[in-house]
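Participant:
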Amino acid sequence: MGNLDDSGQALTIVNGRRALVTAALTALVLTTSAHVGSPDTWFEGNAGPYPVRVVVRLPGVVPGLAQIDITVTGPGVERVTAQPVIFDAGKEGAPPPDVAKPVPGRAGGYHAQLWFMTPGSFSVNVAVAGSKGQGVAIVPVAAVPLRQIGLYPWLGRLLAALGVFLFIGAVTIFRAAATDGVTAPGESVPAGRQRAGVVVSLFGAGLLITALWGGRAWWRSVERNYQNELYRPFAAKATLDSALGQRTLLFTITDSVWSARRGTNRWERFSVSPLVPDHGKLMHLFLIRRGDRTAFAHLHPVSVDSLTFRAGLGGLPRGGYDVYADVVHETGFPQTMVASIDLPDPVPGDSTRPTDPDDAVFEGAPSGDRVTLPDGATVSWEQRPATILADQDAGLVFVVREPDGSVARLEPYLGMAAHAVVQRSDGQVYVHLHPNGTISMVAQEALGSHRATDTIPGMLARRLAADSGMSRMAHPAFDGRLSFPYAFPKPGDYRVWVQFRHGDRIVTAPFEVAVK
Ligand SMILES: [Cu+2]
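If you read the sequence shown in the working numbering, its first letter stands for residue 2, the second for the next number, and so on.
#1: Below 8 Å between beta carbons: does that hold for His36 and Thr454?
#2: Let me have the residue list for ligand 1: C-beta closer than 7 Å to any non-hydrogen atom, ordered along the chain.
#3: Among all the DSSP beta bridges, which residues are the ones paired with Ser304?
#4: Which residue wins for smallest C-alpha separation from Lys102, given the options Pro85, Val129 and Ile87?
#5: Give the single residue among Ile174, Gly216, Trp214 and Phe363 whose Cα lies nearest to the Cα of Leu288.
#6: Taking Phe271 as the reference, give the member of Ala144, Leu152, Gly246 and Ser304 with the closest Cα.
#7: For Gln393 and Ala218, I'd like the C-alpha separation in whole angstroms.
#8: Counting Cβ pairs closer than 8 Å, one from the region 255 to 269 and one from the region 410 to 427, do we hit at least three?
#9: Among the residues of its own chain, which have a CB less than 6 Å from the CB of Val305, if the five just before and after it don't count?
#10: Are there any heavy atoms of ligand 2 lying less than 7 Å away from the beta-carbon of Gly246, as far as the coordinates show?
#11: Rank Ala197, Pro40, Ser39 and Phe44 by C-alpha distance to the C-alpha of Met519 and give the top, closest one.
#12: Given that a residue counts as buried once 16 or more other Cβ atoms are within 10 Å of its Cβ, and exposed if not, what is Lys1?
#13: Helix, strand or coil for Asp323, going by three-state DSSP, please let me know.
#14: According to DSSP, Lys282 sits in a beta bridge with which residue or residues?
#15: Sorted by chain position, which residues of the same chain lie with C-beta nearer than 7 Å to Gly365's C-beta, five sequence neighbours on each side aside?
#16: Please name the residue or residues paired with Gly65 in a DSSP beta bridge.
#17: If you draw a straight line from the C-alpha of Thr509 to the C-alpha of Gly134, how long is it?
#18: Check the C-beta distance from Leu465 over to Val348 and give it rounded, since I have them as a contact under 8 Å.
#19: Since Gln195 is in the alpha helix (DSSP H), which residue starts that stretch and which ends it?
#20: Using the beta-carbon count (16 or more within 10 Å), is Tyr153 buried or exposed?
#21: On a CA-only basis, which of Leu300, Pro492, Gly316 and Leu411 is nearest Ala519? Give me that one, please.
#22: Determine contact between the region 213 to 233 and the region 320 to 335, defined as no fewer than three beta-carbon pairs at a distance below 8 Å.
#23: Less than 8 Å between the C-beta atoms of Val400 and Arg482, yes or no?
#24: Would you please state the rounded distance, in angstroms, between the beta carbons of Val57 and Asp41? I believe it to be under 8 Å.
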């Protein structure tokens, strides 16, 4: 399996859709919508008056059965339901909600299983009813086929053995029909009929082989159709523009599905809709230097045209970088595009400043569980679990303290208390987290505020953009205790960059995690 650099390059070189499918197949297992290789959805928020945590584990195949784990905090809960609602059909087109069953031995724990029958952008609506009334939490989930499940080897061998048995049986019947079948009982089969038996059984075997061949061709075409439906992120490339002696990055979506605005399979329909600003930005671009990972940037490129985005690189040092671009479509469908870029040294006197006041460029290595900031404030990973296991709550709880030890108040950064970016050392896992989990805020808004009258592409996007401008105006300060609900998807060496705004500075604090 190629690493992401290879696949990223392969994706930029070939532009034709067919060729892409082949190139993408190697990377498919690793890549999925708004993250890379981290398919579970984690959500923390409220269903009306009830605080809830929801984890949606998709099977990676569609149709497929998803496991929904719900934790409701607080007393008086009587009934918890979960319902999958696809973006374009809305609640009217959704199946009835499933009642989640209490999980024995886990206080406030509920479990449900939901079928996702078609790929697309869904919300899982978790409804809680009880003594405090009722409420619904909308959890955006992009259900896309990510993998092909192979036949169990033992089942393959068993079916092959049964097939050979049937084939031999059928040929024997053909022969018997031309020999014993037309000979009176007790008589021996004449030599002429013996020969006819051989001819008929050869003819029958030929017929069966032709039928099997046809069946194989049919099955292959079914398989090809399925592979065509497998999710692959948009192809994209990152290039350096050094015109005027300044380093700016051009991020270009090279995918023909996007440039032609035409999707040929079911999930692509959700990805040709306009982009919507998440936290007020159309694109969140992360650059992480390969190898030591001591250089990191969180940029917000401006769109030059519908395919190209441009961002100033500030003082980002030289090196080979993994580039991850998070976008969300109007349908609530999120994507992470992957590319790579080699940066030269900053030009002396390079005046490129980051394009956006919310951009952050950071250089530095992790230094244990506590990071001291230049102004004396600290960020510490508190109650860090002794061992962190894959697929188990990672306990990402960070506390920002003022130099005097009191818990800090944080200004909103991009409308949130904090952001965290997680990457595994080989670049094959990447995800962007918030205290409300892995979900995108604007995806949640899109799924929650989509109306049947939103028939023209861009209508909902415009409304969401207006809303996002409104919501950025007034925001209270946040508490310096930051908790990110998440589980690392597989073992490995991870780095987590926690970002927040403290006073007038954007702070980036790196942490190292070994996941077993
Ligand atoms: Cu963020």
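Ideal placement from N, C-alpha and C gives every residue a C-beta, glycine not left out. Everything numeric in this text was worked out from a predicted model, so none of it was measured.
Facilitator: The structure says:
#1: Within the sequence shown, the letter at position 35 stands for residue 36. Within the sequence shown, the letter at position 453 stands for residue 454. Note that the C-beta distance between His36 and Thr454 is not below 8 Å.
#2: Output, sorted by chain position: His280, His285, Leu415, Met417, His420, His433 and His435.
#3: Counting from one through the sequence shown, the residue named residue 304 turns up at place 303. Bridge partners of Ser304: Phe310.
#4: If you number the sequence shown from 1, residue 102 lands on position 101. Nearest C-alpha to Lys102: Val129.
#5: Position 287 of the sequence shown, counted from the start, is the residue given in the question as residue 288. Minimum Cα distance to Leu288 is reached at Phe363.
#6: Counting from one through the sequence shown, the residue named residue 271 turns up at place 270. The shortest C-alpha separation from Phe271 is found at Ala144.
#7: Taking the first residue of the sequence shown as 1, we reach residue 393 at position 392. Taking the first residue of the sequence shown as 1, we reach residue 218 at position 217. Their Cα atoms are separated by approximately 43 Å.
#8: Because the criterion of three Cβ pairs below 8 Å is not met, the region 255 to 269 and the region 410 to 427 do not touch.
#9: What you label residue 305 is simply residue 304 of the sequence shown in a count that begins at 1. Within its own chain, the residues whose Cβ lies closer than 6 Å to the Cβ of Val305, once the five positions on either side in sequence are excluded, are Arg311, listed in chain order.
#10: Of the ligands this structure carries, namely ligand 1, none is ligand 2.
#11: Outside the displayed span of the chain (2 to 517) sits residue 519, for which this structure offers no information.
#12: The requested residue 1 is not part of the displayed model; the chain covers only 2 to 517.
#13: Here residue 323 is taken as the residue at index 322 of the sequence shown, counted from 1. It is a strand residue.
#14: The residue you call residue 282 lines up with position 281 of the sequence shown. Bridge pairing for Lys282: Asp279 [DSSP].
#15: Stepping through the sequence shown from its first residue, residue 365 is reached at position 364. Cβ contact annotation for Gly365 (same chain, cutoff 7 Å, sequence separation greater than five): Thr295 and Pro511, in chain order.
#16: On the sequence shown, position 64 is the one that residue 65 refers to. Beta-bridge pairing links Gly65 to Phe117.
#17: Counted from its first residue, the sequence shown places residue 509 at position 508. Counted from its first residue, the sequence shown places residue 134 at position 133. The straight-line gap separating the alpha-carbon atoms of Thr509 and Gly134 is approximately 41 Å.
#18: In the sequence shown, counting from the first residue as 1, residue 465 sits at position 464. In the sequence shown, counting from the first residue as 1, residue 348 sits at position 347. The Cβ separation is near 38 Å, so there is no contact.
#19: Here residue 195 corresponds to residue number 194 of the sequence shown, with the count starting at 1. Gln195 -> alpha helix (DSSP H) spans Ala192 to Glu230.
#20: As a first step, residue 153 is located in the sequence shown; it is residue number 152 there, counting from the start. In summary, Tyr153 is exposed, with fewer than 16 beta-carbon neighbours lying within 10 Å of its beta-carbon over all protein chains present.
#21: Limits of the chain in this structure are 2 at one end and 517 at the other, which puts residue 519 out of reach.
#22: No: the two stretches stay apart, fewer than three of their Cβ pairs being nearer than 8 Å.
#23: Indexing the sequence shown from 1 puts residue 400 at position 399. Indexing the sequence shown from 1 puts residue 482 at position 481. Contact: yes.
#24: The residue labelled residue 57 in the question sits at position 56 within the sequence shown. The residue labelled residue 41 in the question sits at position 40 within the sequence shown. Between Asp41 and Val57 the Cβ distance is about 7 Å, and since that is below 8 Å, they are a contact.
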